[in-house]
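Peer 1: First, the structure itself, so that you have it in front of you.
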Amino acid sequence: MKNIQLDSQGRLKHFLSIEGLNRGLLVDILDTAASFVTISEKSSKKAPLLRGKTIVNLFFEPSTRTRTTFELAAKRLAADVLNINISTSATTKGETLIDMLHNIEAMHCDMFVVRHDQSGAAHFIASHTSPNISVINAGDGWHEHPTQAMLDMYTIRQYKGDFAKLRVAIVGDILHSRVARSQIHALTTLGASEVRVVAPKTLIPLGVESLGVHVFNQLEEGLRDVDVVIMLRLQKERMQSALLPSQHEYFQFYGLTESALEVAHPDAIVMHPGPINRGVEIDSHVADGKRSVILQQVSNGIAVRMAIMAMIAGRITDQKEMH
Amino acid sequence: MVIEKNVEILLASIANQIKQQYGAKTREQLFMIGIHTGGVWVAEQLHQMLELTSPLGKLNIAFYRDDFTRIGLHPHVQPSNLPIDINDRKIILVDDVLHTGRTVRAALNEIFDYGRPASIDLTVLVQRNGRELPIQPTFFGCALHLNKNEHVKLSGPDPLSLDVYNKKT
Amino acid sequence: MSGSALSILGGRVIDPANQKDEITNVYVDEGEIVAFGDEPPEDFRADWKIDAKGHIVCPGLVDLSVRLREPGAEHKGTILSETRAAANNGITSLCCPPDTDPVIDTPAVAELLQHRAKKAGMAKVYPLAALTQNLAGQQLAEMGDLKEAGCIGVSNAFHTIENTEILRHAMEYAASCHLTLYVHAQDPWLGRDGCAHEGMVSTRLGLPGIPETAETIAVARYLLLIELTGVRTHFCRLSSARAVDMVRQAQKQGLPVTLDVAAHQLFLTDMDILDYNSQCHVMPPLRTQRDKEALRQALLDGTISTICSDHQPHEDDAKLRPFAMTSPGLSSLDTLLPLSLRLTEELNLDLNTVLNLLTYKPAQILEIDAGTLTVGQAADICIFNPDKEWCLEESNMHSARYNSPFIGWGFKGRVTYTLINGKVVYMRC
Numbered sequence: 001m002k003n004i005q006l007d008s009q010g011r012l013k014h015f016l017s018i019e020g021l022n023r024g025l026l027v028d029i030l031d032t033a034a035s036f037v038t039i040s041e042k043s044s045k046k047a048p049l050l051r052g053k054t055i056v057n058l059f060f061e062p063s064t065r066t067r068t069t070f071e072l073a074a075k076r077l078a079a080d081v082l083n084i085n086i087s088t089s090a091t092t093k094g095e096t097l098i099d100m101l102h103n104i105e106a107m108h109c110d111m112f113v114v115r116h117d118q119s120g121a122a123h124f125i126a127s128h129t130s131p132n133i134s135v136i137n138a139g140d141g142w143h144e145h146p147t148q149a150m151l152d153m154y155t156i157r158q159y160k161g162d163f164a165k166l167r168v169a170i171v172g173d174i175l176h177s178r179v180a181r182s183q184i185h186a187l188t189t190l191g192a193s194e195v196r197v198v199a200p201k202t203l204i205p206l207g208v209e210s211l212g213v214h215v216f217n218q219l220e221e222g223l224r225d226v227d228v229v230i231m232l233r234l235q236k237e238r239m240q241s242a243l244l245p246s247q248h249e250y251f252q253f254y255g256l257t258e259s260a261l262e263v264a265h266p267d268a269i270v271m272h273p274g275p276i277n278r279g280v281e282i283d284s285h286v287a288d289g290k291r292s293v294i295l296q297q298v299s300n301g302i303a304v305r306m307a308i309m310a311m312i313a314g315r316i317t318d319q320k321e322m323h
Numbered sequence: 324m325v326i327e328k329n330v331e332i333l334l335a336s337i338a339n340q341i342k343q344q345y346g347a348k349t350r351e352q353l354f355m356i357g358i359h360t361g362g363v364w365v366a367e368q369l370h371q372m373l374e375l376t377s378p379l380g381k382l383n384i385a386f387y388r389d390d391f392t393r394i395g396l397h398p399h400v401q402p403s404n405l406p407i408d409i410n411d412r413k414i415i416l417v418d419d420v421l422h423t424g425r426t427v428r429a430a431l432n433e434i435f436d437y438g439r440p441a442s443i444d445l446t447v448l449v450q451r452n453g454r455e456l457p458i459q460p461t462f463f464g465c466a467l468h469l470n471k472n473e474h475v476k477l478s479g480p481d482p483l484s485l486d487v488y489n490k491k492t
Numbered sequence: 493m494s495g496s497a498l499s500i501l502g503g504r505v506i507d508p509a510n511q512k513d514e515i516t517n518v519y520v521d522e523g524e525i526v527a528f529g530d531e532p533p534e535d536f537r538a539d540w541k542i543d544a545k546g547h548i549v550c551p552g553l554v555d556l557s558v559r560l561r562e563p564g565a566e567h568k569g570t571i572l573s574e575t576r577a578a579a580n581n582g583i584t585s586l587c588c589p590p591d592t593d594p595v596i597d598t599p600a601v602a603e604l605l606q607h608r609a610k611k612a613g614m615a616k617v618y619p620l621a622a623l624t625q626n627l628a629g630q631q632l633a634e635m636g637d638l639k640e641a642g643c644i645g646v647s648n649a650f651h652t653i654e655n656t657e658i659l660r661h662a663m664e665y666a667a668s669c670h671l672t673l674y675v676h677a678q679d680p681w682l683g684r685d686g687c688a689h690e691g692m693v694s695t696r697l698g699l700p701g702i703p704e705t706a707e708t709i710a711v712a713r714y715l716l717l718i719e720l721t722g723v724r725t726h727f728c729r730l731s732s733a734r735a736v737d738m739v740r741q742a743q744k745q746g747l748p749v750t751l752d753v754a755a756h757q758l759f760l761t762d763m764d765i766l767d768y769n770s771q772c773h774v775m776p777p778l779r780t781q782r783d784k785e786a787l788r789q790a791l792l793d794g795t796i797s798t799i800c801s802d803h804q805p806h807e808d809d810a811k812l813r814p815f816a817m818t819s820p821g822l823s824s825l826d827t828l829l830p831l832s833l834r835l836t837e838e839l840n841l842d843l844n845t846v847l848n849l850l851t852y853k854p855a856q857i858l859e860i861d862a863g864t865l866t867v868g869q870a871a872d873i874c875i876f877n878p879d880k881e882w883c884l885e886e887s888n889m890h891s892a893r894y895n896s897p898f899i900g901w902g903f904k905g906r907v908t909y910t911l912i913n914g915k916v917v918y919m920r921c
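Structure representation (structure tokens):
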């Protein structure tokens, strides 16, 4: 894939997918995020790096939580934020996606944060907007949700340190999950010891092993000795498309309960990108239990997004001294 | 700790200036903040010499610089630490060299994001020509007039020494 | 140019149908080929002479599948623009599928199409009739009447007939009308929402996939029904090695089945969509390298007997969207001959064999009088320079639309003149 994410000097210009980024860049994102975490925890809460810049949240798919974290991250960087929520049907009413982009560009923005229900949409937008605009992918169809994966990696590093020895299991609807794809790329690039996907056959995409994962159709085998368990949300539509018989059956065989967790490493952590469906993919006891780091993921989300925006707005270099 | 003679003399001069300006009772209320990295080294010395009671604050202006888009962001940033509430406080802001004034501008912006101080006295070891902003120190060790290619730098933390270099273009 | 007697001098005349491959002259008069030879026939006075030295003189190409877009989608192309584009690319006869709007399920539409094509005076158009009315898969179309109105075959285009009973009857009826059935093998349910080959690439890109099984199941169904009904069937563009093999076995068994391939399928795979390149969004989807190799092999062993363009022009908007939302299809009249000529090097084929795949063989499948250089037949001739190197750009494409992934590719071999009915309809400047 032609890598349009990096500029001619290898610095981050767009953030569209984890695929195509090297380990060093991912680690820089995690380290930069660490400095922003401290800011969030102190009274100033500001790092006005993006003062005078305008960031547009271009959400073709509705989402309150992702949009608000991006908005908060942008505001902590002192950027101006514009929220545009477009239902996809608006574009089919006549105005093409390209025309819409040109109209928004005329408002002189610097960055688009895009969420769309089509795979490849962020890549498409990045390829067709004017060269001074950077695009951050907030989720495109089934393809990738790279900022989510980075905050998940940040959380894993926070609790587990080095990736090299980790066994990670991603459980759930892998087939339709952009979060899973991004997480798989991130874990393999960061050098995780083993990445597993666990789901019934109907929810495993063909050829997924080529991404560097081991496939498990049984929860117990899939969780044995793992250090990190990532649970994915199960959407209700999957029952309608004859992919699963019922939520009840899914929870029976793939739901994360205390007893299911017993085969994992005693210090294993439990993660979930949210929002969680209690009693469908995860038991309330586990979601609220001591191994769950779900809330930590949420609070890390702002710092990680701040880091990515800051890195795009000003490329990473060695700090020079000011006279 | 090794401190070169010239630096020692400058520090002593600054400490005296501050003592003359502020009596012992007022000095107890002073809050000293050093700007990373050189300003912190200088502030540490002054803090000791003046026997200030409140803890030393440290400011990293990385996120407030005006040249961020040109020079970028370093992945490892030592975070700022202001351990006490600055509202209505008299602040001594310390840096090693005052040149263009942009570092101090950034520091002032950051301090005001924390609250509203009663006053700020800028204290520098050396001030030199080349101001680009209307900023002047209250207390300073010495004033230098340097040529286009000359450049003054405090190295440290141990030994702490002040040198003038010729920047070869 | 307006005089009717014309001689084509000094070209290498290749006519696979008559096993001719020699440097000789061709004499044309009153729209027909009148003679070959070093000397003109008696009483022949040429009004116009074409110097064909260093050129190949071959029958005008016969393209088995070209969508002209008119009637119904004139913003994508018209009969005039696309028959002209075909002619400019050496294609003198083309077959057009019935999925126009209105559908070719009444003689009126069939006649309209042929009438307009005749008026345009460019490539000759042979329409296919709909198999069922409005392609809806319920009522049989009036195939007998449509044949009388000029249709040379029947097809239900991309609209798979789900009801096997109806499909059987439609095939029997077509057989009794002595019409060849042109089919697209695609299961109506498997991969219904897909836009790419289901495999490693679609998984990586998060695109809904169309499994190979969607094609093989449909092929199996058709083959068994062909056995039952005896209808002569042509499979349009299979995409998987497995499906091609099933047709190969059926041919060996003696079933009346033929198969074509679109030129682009011999050069592209699913790897070409890795950067979401919508110019490579086609139906059937591009499959793996292994499948591409199998298509090339099938061409070599005769399982596939013709290469077509599968021309589907689209306006820019249709391709300027996220991949799954784009319309499938390429504008391919401009690349039929160039890509086919590449095969002489890549597959070590001689020019005769390649030209046969583009002239006589498709004419035989379509059962039309075309694709040959025979004395007394219409002078539909393609004269091209096999050594001319050039690069495909939007500015030199003849089609009204430019949706092609081959823009920027370098080619060797370019049409210099095209004659239809003895008249020069295209001359490259």
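Chains as they are written, first to last, in the numbering used here: chain A, 1 to 323; chain B, 324 to 492; chain C, 493 to 921. Quick reminder that beta carbons are idealized off the backbone N, C-alpha and C, glycines included.
1. Quick one: what does DSSP say residue 878 (chain C) is sitting in, helix, strand or coil?
2. Are any of the Cβ atoms in chain C nearer than 9 Å to that of residue 208 (chain A)?
3. For residue 508 (chain C), does the three-state DSSP call read helix, strand or coil?
4. Considering only residues of the same chain and omitting the five flanking positions on each side of residue 766 (chain C), which have a CB-CB separation below 8 Å?
5. Taking only beta-carbon positions, decide if residue 876 (chain C) is within less than 9 Å of chain A.
6. Residues in its own chain within less than 6 Å of residue 642 (chain C) by CB, not counting five upstream and five downstream?
7. Since residue 96 (chain A) meets chain C, which of its residues come closer than 8 Å, beta carbon to beta carbon?
8. State yes or no: is the beta carbon of residue 452 (chain B) nearer than 9 Å to at least one beta carbon in chain A?
9. Between the alpha carbons of residue 883 (chain C) and residue 899 (chain C), how many angstroms are there, rounded?
10. Are the C-beta atoms of residue 694 (chain C) and some chain A residue less than 9 Å apart?
11. Quick one: which chain B residues come within Cβ less than 9 Å of residue 303 (chain A)?
12. Answer with yes or no whether the minimum CB distance from residue 699 (chain C) to chain A is below 9 Å.
13. Step through the CB atoms of chain A and report whether any lies within less than 9 Å of the CB of residue 768 (chain C).
14. Run down chain A in chain order and give the residues with a C-beta less than 7 Å from the C-beta of residue 387 (chain B).
15. Who are the near neighbours of residue 579 (chain C) in its chain, counting only those whose CB is closer than 7 Å to its CB and skipping five residues on each side?
16. The segment 434 to 447 of chain B: which residues have C-beta closer than 7 Å to a C-beta of chain A, in chain order?
17. Quick one, which residues of the segment 813 to 836 of chain C are near chain A if we go by CB-CB under 8 Å, in chain order?
18. Which ranges would you report for the beta strand (DSSP E) in the segment 543 to 609 of chain C if only whole runs of at least 3 residues count?
19. When burial is assigned at 16 or more other CB atoms within 10 Å of the CB, is residue 525 (chain B) buried or exposed?
20. So, are the CB atoms of residue 244 (chain A) and residue 238 (chain A) less than 9 Å apart?
21. Secondary structure at residue 5 (chain A), three-state DSSP: helix, strand or coil?
22. Against chain C, with Cβ distances strictly below 9 Å, would residue 178 (chain A) count as a contact?
23. Give me the chain C residues within the contact set of residue 124 (chain A), using Cβ-Cβ distance strictly less than 9 Å, ordered along the chain.
24. State the start and end residues of the unbroken alpha helix (DSSP H) segment that holds residue 324 (chain B).
25. Which two residues bound the contiguous beta strand (DSSP E) that contains residue 134 (chain A)?
26. Considering only residues of the same chain and omitting the five flanking positions on each side of residue 522 (chain C), which have a CB-CB separation below 6 Å?
27. Which two residues bound the contiguous beta strand (DSSP E) that contains residue 909 (chain C)?
28. Short of 6 Å in beta carbon distance, which residues of its chain neighbour residue 880 (chain C), apart from the five on each side in sequence? Order them along the chain.
29. Mind pulling the chain E residues with CB within less than 7 Å of residue 314 (chain A)?
30. Between which two residues does the alpha helix (DSSP H) carrying residue 302 (chain A) extend?
31. Which residues in chain B have a C-beta closer than 8 Å to the C-beta of residue 31 (chain A)? List them in chain order.
32. With 9 Å as the threshold, decide whether the Cβ of residue 338 (chain A) is near any Cβ in chain C.
33. Please name the residue or residues paired with residue 196 (chain A) in a DSSP beta bridge.
34. DSSP state of residue 772 (chain C), grouped into three classes?
35. Restricting to Cα atoms, I'd like to know which of C:859, C:640 and C:837 is closest to residue 904 (chain C).
Peer 2: Taking the geometry as given:
1. Correct three-state label for residue 878 (chain C): strand.
2. Yes, contact with chain C.
3. DSSP places residue 508 (chain C) in helix when its eight states are reduced to three.
4. Sequence-distant partners of residue 766 (chain C) (beyond 5 residues in either direction) whose C-beta falls short of 8 Å from its own C-beta, in its chain, are 693, 696 and 697.
5. Answer no: the Cβ-Cβ gap between residue 876 (chain C) and chain A never drops below 9 Å.
6. Closer than 6 Å at the Cβ level, and outside the excluded window around residue 642 (chain C), lie 602 and 606.
7. Simply 809, 812 and 813.
8. It does not; no Cβ of chain A falls within 9 Å.
9. Approximately 8 Å, taken between the alpha carbons.
10. So, interface residue.
11. Result: empty, since nearest Cβ-Cβ is about 12 Å, beyond 9 Å.
12. It does; some Cβ of chain A falls within 9 Å.
13. The Cβ of residue 768 (chain C) sits closer than 9 Å to at least one Cβ of chain A.
14. Near residue 387 (chain B) (Cβ distances below 7 Å), the residues of chain A are 48.
15. By the criterion of a C-beta distance shorter than 7 Å, residue 579 (chain C) is surrounded in its chain by 614, 615, 910, 912, 917 and 918, once the five residues flanking it on both sides are discounted.
16. Look at the segment 434 to 447 of chain B: the residues with a C-beta under 7 Å from a C-beta of chain A are 436 and 437.
17. Cβ contacts with chain A come from 813, 814, 815, 816 and 817.
18. Fully enclosed beta strand (DSSP E) runs of 3 or longer: 548 to 551, 553 to 555 and 583 to 588.
19. No answer is possible for residue 525 (chain B): the residues shown for chain B start at 324 and end at 492.
20. Yes, Cβ-Cβ distance for residue 244 (chain A) and residue 238 (chain A) is below 9 Å.
21. In the structure shown, residue 5 (chain A) sits in coil (DSSP, three-state: anything other than H, G, I, E or B).
22. Judged by the 9 Å Cβ criterion, residue 178 (chain A) is in contact with chain C.
23. Here the neighbours are 768, 770, 812, 813, 814 and 815.
24. Taken as a continuous stretch (DSSP letters only), residue 324 (chain B) belongs to no alpha helix (DSSP H), as it is neither H nor E.
25. First-last of the beta strand (DSSP E) with residue 134 (chain A): 134 to 140.
26. Take residue 522 (chain C), set aside five residues on each side of it, and the residues of its chain with a beta-carbon closer than 6 Å to its own are 496, in chain order.
27. Here the beta strand (DSSP E) through residue 909 (chain C) covers 902 to 912.
28. So the qualifying residues of the chain are 906.
29. The chain labelled as chain E is not found among the protein chains of the depicted structure, namely A, B and C.
30. Counting along the chain, the alpha helix (DSSP H) containing residue 302 (chain A) begins and ends at 294 to 313.
31. In chain order: 398 and 399.
32. Since the first residue shown for chain A is 1 and the last is 323, residue 338 (chain A) is missing from the structure and cannot be characterised.
33. Answer is A:169 and A:214.
34. Secondary structure of residue 772 (chain C) (DSSP, three-state): helix.
35. Closest option to residue 904 (chain C), judged by alpha-carbon separation, among C:859, C:640 and C:837: C:837.
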